[in-house]
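Sequential numbering of the sequence shown, starting at 1, is according to UniProt numbering.
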Amino acid sequence: MHFGLTKAPATFQRLMDLVLGGLKWSCALVYLDDIIVYSSTFQSHLQHLNSVLERIQSSGLTLHISKCQFCKTKLKYLGHVVSHSGIEPDPDKVRAVRDYPVLTRIKGVRAFLGLTSYYRRFIRNYATIAEPLISLTRNIDNRPFLWTSSCQQAFDHLRHLLIQAPIISYPQFDKPFILQLDASDFGLSAILAQKLVDDDRVKREHVIG
Numbered sequence: 001m002h003f004g005l006t007k008a009p010a011t012f013q014r015l016m017d018l019v020l021g022g023l024k025w026s027c028a029l030v031y032l033d034d035i036i037v038y039s040s041t042f043q044s045h046l047q048h049l050n051s052v053l054e055r056i057q058s059s060g061l062t063l064h065i066s067k068c069q070f071c072k073t074k075l076k077y078l079g080h081v082v083s084h085s086g087i088e089p090d091p092d093k094v095r096a097v098r099d100y101p102v103l104t105r106i107k108g109v110r111a112f113l114g115l116t117s118y119y120r121r122f123i124r125n126y127a128t129i130a131e132p133l134i135s136l137t138r139n140i141d142n143r144p145f146l147w148t149s150s151c152q153q154a155f156d157h158l159r160h161l162l163i164q165a166p167i168i169s170y171p172q173f174d175k176p177f178i179l180q181l182d183a184s185d186f187g188l189s190a191i192l193a194q195k196l197v198d199d200d201r202v203k204r205e206h207v208i209g
């Protein structure tokens with residue numbers, strides 16, 4: 001398939017959804033040509049891998065072995081690091097935010113907001129914090145670019161929060177959930193959490209969504 005075609009990504013995604021039908025959200029996820037297979041035990045993982053590989057083979061698709069990783073306990077997937085502990089931002093992306101140059105144009109502001117917004121679920125009250133930057137991108141035809149102290153504060157705050165972003169834990173459905181809500185003139189936010197026991201056997205509140 002020629003990925004330069006306008007509808008190629010959507011068409012290929014539909015194909016992969018059909019190929020892995022019945023396995024998605026059970027033991028596998030797929031976004032275009034990025035497939036992740038997950039399991040709770042090594043033995044079940046081998047079975048899940050076999051099921052996914054059989055589907056790929058029977059559909060006539062092939063894999064590049066150099067791009068495959070098997071039986072990992074931690075890996076990068078779609079800009080995140082996925083492990084048994086949970087999900088966290090890819091350190092390479094975090095470094096890109098940390099080292100982001102000073103913003104002097106609307107195009108740069110939009111690019112920065114696009115990058116940080118992708119990780120907004122790791123940043124509490126993202127919309128409220130980012131509002132000075134978001135407002136810069138509105139009604140830009142009739143006013144000059146004006147980088148204020150509020151913009152700089154929002155820029156620095158978002159970078160700091162993403163660098164310190166928490167690991168989002170996996171939900172444990174046999175334990176109570178905590179729903180935290182907040183609202184302002186600029187946005188709404190909600191955090192789903194649970195009190196879980198850490199590796200040091202201390203019970204702490206963990207964000208799960």
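Idealized CB from N, CA, C, for every residue including glycine.
Classification of residue i by the beta-carbon crowding that lies within 10 angstroms, buried from 16 upward
i: residue 254; result: Examination of residue 254 is not possible in this model, given that the chain is present from 1 through 209 alone.
i: LEU63; result: exposed
i: ILE35; result: buried
i: ALA130; result: buried
i: HIS160; result: exposed
i: THR116; result: buried
i: LEU20; result: buried
Beta-carbon proximity list for residue i, same chain, < 6 Å, skipping 5 on both sides
i: GLN180; result: ILE191
i: SER58; result: none
i: LYS74; result: SER83
i: TYR126; result: ARG120
Test item: CB-CB of residue i and residue j under 9 Å
i: PRO166; j: GLU54; result: no
i: PHE145; j: ARG105; result: yes
i: PHE177; j: ILE208; result: yes
Cutoff 7 Å; reference residue i; Cβ partners in own chain excluding five residues on either side
i: GLY86; result: ILE167, ILE168, SER169 and TYR170
i: LEU103; result: VAL109, PHE112, TRP147 and PHE155
i: GLN172; result: GLN194 and LEU196
i: SER184; result: THR128
i: ILE134; result: LEU113
i: LEU78; result: TYR31 and ASP34
i: GLN13; result: LEU32
i: GLN69; result: LEU75
i: VAL97; result: LEU115, THR116, ARG159 and LEU162
8 Å Cβ shell around residue i - same chain, five flanking residues per side excluded
i: THR148; result: PRO132
i: LEU23; result: HIS48, SER51, VAL52 and ARG55
i: PHE42; result: CYS71
i: HIS80; result: ILE87, GLU88, PRO89 and ASP90
Length of the line joining the Cα atoms of residue i and residue j
i: LYS93; j: ASP99; result: 10 Å
i: VAL109; j: ASP156; result: 13 Å
i: LEU162; j: ILE65; result: 33 Å
i: GLN152; j: ASP90; result: 24 Å
i: CYS71; j: HIS45; result: 8 Å
i: LYS195; j: THR137; result: 39 Å
i: LYS67; j: VAL30; result: 15 Å
i: SER40; j: ARG121; result: 25 Å
i: ASP119; j: SER189; result: A small fix is needed here, since residue 119 is Tyr in this sequence, not Asp. Looking at the two C-alpha atoms, the distance is approximately 14 Å.
i: VAL37; j: LEU158; result: 32 Å
i: LEU32; j: GLY60; result: 16 Å
i: LYS76; j: ASN142; result: 43 Å
i: LEU18; j: LYS7; result: 17 Å
i: THR11; j: ALA28; result: 19 Å
i: SER150; j: GLY187; result: 17 Å
i: HIS206; j: ARG124; result: 13 Å
i: residue 289; j: LYS175; result: With the chain running from 1 to 209 in the structure shown, residue 289 is simply not present.
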